[in-house]
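*Asks:* Protein chains in written order, with the working numbering: chain A, 1086 to 1215; chain B, 938 to 1286.
All C-beta atoms in this analysis are idealised placements derived from N, C-alpha and C, irrespective of residue type, glycine included.
Nothing here was measured: the structure is a model prediction, and the numbers come from that model.
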Amino acid sequence: MEIARHWRGRAARYRLEGQRSRSTGEVRFPPQPPALGETDETWEAFALSGRGEIYSFSVIRQAPDGYEGFAPYPVALVRLAEGPLVTAQLTDCAEDDLAVGTPVEMVTRKLVDTGEDGVLVYGYKFRPTL
Amino acid sequence: MMKPTRPVGLVGYGVYVPRYRIAAKEIARIWTDGQGGVPVDSKSVPGPDEDTITMSIEAARSALARAELSADQLGAVWVGSESHPYSVKPSGTVVAEALGATPWVSAGDWEFACKAGSEAFTAGMAMVGSGMANYVLAIGADTAQSRPGDALEYTASAGAAALLVGPAEESLATIEATVSFVTDTPDFFRRAERPYPTHGNRFTGEPAYFRTIQSAARRLLDDLGRAPSDFTYAVFHQPNAKFPQAVAKRLGFSDAQIAPGLLSPQIGNTYSGAALSGLCAILDVAQPGDTIFMTSYGSGAGSDAYSLTVTDAILERRARAPLTEAYLKRKVFVDYAVYAKWRGKLVMG
């Protein structure tokens, strides 16, 4: 069950693939199934640029199971250049480097190791723009 | 020497070095009370969320950005490493998926100690040179392991380089020819299920690194009818600071020729990424018409030598992705305790 869930999200997780409305051009992330009245053609896959800025952030010191090795680590709401607001971990930075409005870019990193007999889960994080 | 039927070159390149460093003197502080010399100034350390797959992805994205190539144009995504995160499950599949190259692509992993990346590079030349593909991504990446306190711990580091091979007429550097020199030389190895490699102490130098690199390099120079002075730059595999400088001198290359590609004093030995990253650092500063001589080395043992010529396309392409210098400058030093935690050297009980 766990593996299937990670696998289904790989395009969004690995490369920040969202959706764009064919009629209005609206961009959304994460991708969602068609709503009532919509078809598979209403939204098309759309690769987000990965550029954005910090909308807000916090620092996790009491990490959930599986994430202890990363603590303390910052998480942020990132306003992407195309409009969507996404929640993600920040990486390659210290708390003092961060402020609302800091430009960030997407990188694909290891999110969690599910154990010696489990998969390694990869996905997007953000870091201050290089 | 080996030359493809159809002329090939590099259409893009990308490098990756983690943000973190540990000073060699900090390692010496733990194990030798700071006594004695150290083989490099510092080495790169992968962050807790980094591995061969994540570093490969970033280097590859830069290579594609420089070429302004869509990932679905790739014929192959190959990752050379001795630190693939899975024993069974190709790193190449995750990297190809992250780039958006799937599903109509060849992908997989290469293994040849520190020359796994150049092995993929030679195969990429063949794939494009035969016309089977137009673009092949050959990546060398490693988060190298080393036993605590071992001589290797001072140098075994982390980094990646991605070389995007394509038709010569679209290249930022054409590849003239290559040779490969391989023997069964057990200078360094890691048995299955073992966490750390074993090395043959003094056996690793003369009969392995030096003989192998010198054989490949001299053969390519002879076959091309060139002298070291005919090249603007040269880069050799960099297990420490001393070996590449010594082998360059023996072959007749000057300090100035190898200076831009000599990264090991700052970041250590990035294994499969080492020679390739040095090449990327040279491409960061090279001018059209410059010539580059590269020779990799992998324990076991073998070397691949290459002759490249930079084209006008370098001028507009190199600024499309971060230069090697940007990764070298962002360094943050960690102490041995943080390094030990991140590298899984602590037994948690």
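1. With DSSP as the reference, please indicate the residues paired to Asp1046(B) in a beta bridge.
2. Flag Ala1256(B) as yes if its beta-carbon sits less than 7 angstroms from any beta-carbon of chain A, otherwise no.
3. Quick one: Cα of Thr1172(A) to Cα of Tyr1158(A), how far?
4. Indicate the three-state DSSP secondary structure (helix, strand or coil) for Leu1213(B) in the structure shown.
5. Between Arg1194(A) and chain B, is the shortest Cβ-Cβ distance under 7 angstroms, so that the two count as touching?
6. Let me see if you follow: with CB-CB separation under 7 angstroms, is Gly1203(A) close to chain B or not?
7. Please tell me whether Ser1211(A) has its Cβ less than 7 angstroms away from any Cβ of chain B.
8. Output, in sequence order along the chain, the residues in the segment 951-968 of chain B whose CB is closer than 9 angstroms to any CB in chain A.
9. With distance defined between alpha-carbon atoms, name the residue in Leu1089(B), Gly1239(B), Arg1139(B) and Trp968(B) nearest to Glu1048(B).
10. Have a look at Ala1070(B), Thr1030(B), Ala1256(B) and Ser993(B) and flag the residue whose alpha-carbon is nearest the alpha-carbon of Gly1054(B).
11. From Tyr1207(A) to Gly1137(B), what distance separates their C-alpha atoms?
12. Taking the beta carbon of Gln1224(B) as the centre, do at least 16 other beta carbons fall within 10 Å, making it buried, or is it exposed?
13. Compute the distance between the beta-carbons of Ala1004(B) and Val948(B), then report whether it is under 7 angstroms.
14. Please list the partners that Thr1176(A) has in chain B, where partner means a Cβ-to-Cβ separation under 8 angstroms.
15. I want to verify the contact list: residues of chain A whose CB lies under 7 angstroms from the CB of Pro1022(B), in sequence order.
16. Bridge partners for Asp1198(A) per DSSP, in chain order?
17. Measure the C-alpha to C-alpha separation of Leu1196(A) and Pro983(B) and round it to an integer number of angstroms.
18. Does any residue of chain D have a CB that is nearer than 7 angstroms to the CB of Ala1263(B)?
19. Terminal residues of the continuous alpha helix (DSSP H) containing Gly1066(B)?
20. In chain order, what residues of the same chain have a beta carbon less than 7 angstroms from the beta carbon of Ser1020(B), not counting five sequence neighbours either side?
21. Cβ of Arg946(B) less than 7 angstroms from any chain A Cβ?
22. Grab me the residues of Leu1216(B)'s own chain with a C-beta within less than 6 angstroms of its C-beta, minus the 5 sequence neighbours each way, in chain order.
23. Taking the beta strand (DSSP E) that Lys980(B) falls in, what are its first and last residues?
24. Taking just the CA atoms, how far does Val1112(A) sit from Arg1093(A)?
25. In angstroms, rounded to a whole number, what distance separates the CA positions of Tyr1243(B) and Val1116(B)?
*Replies:* Taking the geometry as given:
1. Val1016(B)
2. no
3. If I take the Cα positions, the gap works out to 13 angstroms.
4. helix
5. yes
6. Chain B contact via Cβ: absent.
7. Reading the sequence as shown, one finds Phe at residue 1211(A) and not Ser. Phe1211(A) does not count as touching chain B.
8. Per Cβ criterion, the list reads Pro955, Arg956 and Tyr957.
9. Gly1239(B)
10. Ser993(B)
11. 36 angstroms
12. exposed
13. Going by C-beta atoms, Ala1004(B) is nearer than 7 angstroms to Val948(B).
14. Gly984 and Asp986
15. Leu1205
16. The partner list for Asp1198(A) (beta bridge, DSSP) reads Leu1205(A).
17. 14 angstroms
18. Of the protein chains in the structure, A and B, none is chain D.
19. Counting along the chain, the unbroken alpha helix (DSSP H) around Gly1066(B) starts and ends at Ala1053 to Gly1066.
20. Thr989, Asp1079, Thr1080, Ala1081 and Gln1082
21. Before going further, note that residue 946(B) is Gly rather than Arg in the sequence given. It does not; no Cβ of chain A falls within 7 angstroms.
22. Val1172 and Met1231
23. Ser979 to Val982
24. 20 angstroms
25. Tyr1243(B) and Val1116(B) have their alpha carbons spaced roughly 7 angstroms apart.
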